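> Numbering-wise, the numbering used here comes out as the position in the sequence shown, counting from 1, plus 4. Cβ atoms here follow ideal geometry from the backbone N, Cα and C, with glycine treated the same way. Note that this is a predicted model, so its numbers are computed, not measured.
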Amino acid sequence: MLKPVEKQRVAEEIAEQLRSLILNGQYPPGSKLPPERELSKRLRVNRASLREALKKLEHLGLVRIRQGDGTRVQNFMETGGIELVQHLLPLAGGKPELIRDLLEFRRIFGREVARLAAARSSKDRDGLAKLRALADRADAVTGAAELFDLDFEFYVALAALTGNQVMLLLINTVRDGVRGFTPLLANLAGPGETVRAHHRELIVALEKGDITNAGRIADDYLKMGAELAGRLGGKPELQPQPLPD
5 MLKPVEKQRV
15 AEEIAEQLRS
25 LILNGQYPPG
35 SKLPPERELS
45 KRLRVNRASL
55 REALKKLEHL
65 GLVRIRQGDG
75 TRVQNFMETG
85 GIELVQHLLP
95 LAGGKPELIR
105 DLLEFRRIFG
115 REVARLAAAR
125 SSKDRDGLAK
135 LRALADRADA
145 VTGAAELFDL
155 DFEFYVALAA
165 LTGNQVMLLL
175 INTVRDGVRG
185 FTPLLANLAG
195 PGETVRAHHR
205 ELIVALEKGD
215 ITNAGRIADD
225 YLKMGAELAG
235 RLGGKPELQP
245 QPLPD
């Protein structure tokens, strides 16, 4: 349901409302948004702000704006990009398969990041020192949310050790969305002692340049989180699928 918006951040608030309705399926692919005149009246905004918001949606690959055809909803699975993940995450309560997909991607990505970091970082003293500092901080925290944040930052630092700019940009793209979803994801990180032991074990593998073992350590840890998600969801179909070695 559309609601009137406040004067500040008008275009962003309009885009946020429409984006949620599209991602929720209330405006399915191929459908048209209401005409500008109707939308501006229902939202109580001027048409300039509305057009700015629609341009934001077009940039995300959610709609196509054509003169004479209005604003038509796109199939974002065909036209969207990785930046949509941060907008999909708040909707995951009604889409548990999205959590499964996210954790599957996290497992594949984390495993390969660990392998690549092990191949490239054994002599990167500063990078390894940052991982040790994060592991030390994790030893001192008790809250699940704070531990999850540190675990996420540990993998960000791990990605930095690869020297791969695209990997870092991918993480940056979803970082805010993941942090906004911390209350649920924190429950999937495993017991604190498991997280802390994982950090220490992985650091040892990196110091040795042990590519195979680093990948195995990351995969075992991230697979555990995916399996826990399936159990918490109470749905067998949410259990992680086998991945190739």
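Inspect the CB distances between the stretch 123-135 and the stretch 158-167 and report whether three or more fall short of 8 Å.
yes
> Could you say which of 76, 47 and 156 lies nearest to residue 59 if we only look at CA atoms?
Of 76, 47 and 156, the residue nearest in Cα terms is 76.
> Helix or strand or just coil, what does DSSP make of residue 77?
strand
> Quick check on DSSP: helix, strand or coil for residue 67?
strand
> Could you tell me how far apart the beta carbons of residue 178 and residue 89 are, in whole angstroms, since I believe they sit closer than 8 Å?
5 Å
> What's the C-alpha gap between residue 51 and residue 40?
7 Å
> For my contact list, residue 19 and residue 47 are in at a C-beta cut-off of 8 Å; report their separation, rounded to the angstrom.
In this structure residue 19 is not in contact with residue 47, their Cβ atoms being roughly 11 Å apart against a cut-off of 8 Å.
> So, at 6 Å on beta carbons, what are the nonlocal neighbours of residue 125 in its own chain, with the 5 sequence-adjacent residues on each side left out?
Excluding the 5 residues flanking it on each side, residue 125 has same chain C-beta neighbours closer than 6 Å at 131, 165 and 210, in chain order.
> Straight-line CA distance for residue 229 to residue 171?
21 Å
> Could you tell me the distance, in whole angstroms, from the CA atom of residue 195 to the CA atom of residue 74?
52 Å
> For residue 36, list the residues DSSP reports as bridge partners.
76
> Please confirm whether residue 142 and residue 199 have their CB atoms less than 8 Å apart.
yes
> From this set, 212, 15, 225 and 24, which residue's C-alpha is nearest residue 121's C-alpha?
212
> Taking the alpha-carbon positions, what's the residue 80 to residue 93 distance?
15 Å
> Pick out whichever of 55, 87, 111 and 6 has its Cα sitting closest to the Cα of residue 227.
111
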